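Encoded as structure tokens, the structure appears first; notes follow it.
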């Protein structure tokens, strides 16, 4: 049987090791306004947004090449980071965005093969 003191110590260790999440609205960005493109064939105009070299119709949602969730609205394009981002970590560490897996790797600046520990996360 485990003593109450041992249980409290384990609980404190688990709480101390937990990653704290918060919502950070700074993870969203607005890009250019909506535009109207006229079809050379039909002559009809289509309203939408131009982002990352592609035209997107008004109301369309997509994932960007930088792991953001984007939306084409009448106000323009809004893209928000769709992954957790470490915001507090040791000075000797840096963030590397892995766009293939849409995740951040926190590594030592002087040795990128060595991982760092997260102190605080931001979730959009």
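Residue numbers (this note's numbering): 591 to 714.
For glycine and all other residues, C-beta sits at the position ideal for the given N, C-alpha and C.
Bear in mind the structure is a predicted one, so any value in this text is a computation, not a measurement.
Quiz item: Of all the alpha helix (DSSP H) runs that stay within the bounds of the stretch 671–698, which reach a length of 4 or more residues?
Solution: Here no run is fully enclosed.
Quiz item: Is residue 609 helix, strand or coil when you go by DSSP?
Solution: Taking the first residue of the chain shown as 1, we reach residue 609 at position 19. In this prediction, residue 609 scores a pLDDT of 28, lower than 50, which makes its location untrustworthy; the coordinate-derived value is nonetheless stated afterwards. Taken through DSSP and simplified to helix, strand or coil, residue 609 comes out as coil.
Quiz item: What separation, rounded to the nearest whole angstrom, lies between the Cα atoms of residue 684 and residue 693?
Solution: Within the chain shown, the letter at position 94 stands for residue 684. Within the chain shown, the letter at position 103 stands for residue 693. Their Cα atoms are separated by approximately 14 Å.
Quiz item: With a CB to CB cut of under 8 Å and the five nearest residues on each side skipped, what residues in its chain are close to residue 640?
Solution: Position 50 of the chain shown, counted from the start, is the residue given in the question as residue 640. Correct list, in chain order: 622, 625 and 646.
Quiz item: Comparing alpha-carbon positions, which option in 657, 635 and 629 lies nearest residue 642?
Solution: If you number the chain shown from 1, residue 642 lands on position 52. For the options 657, 635 and 629, the alpha carbon positioned closest to that of residue 642 is the one of 657.
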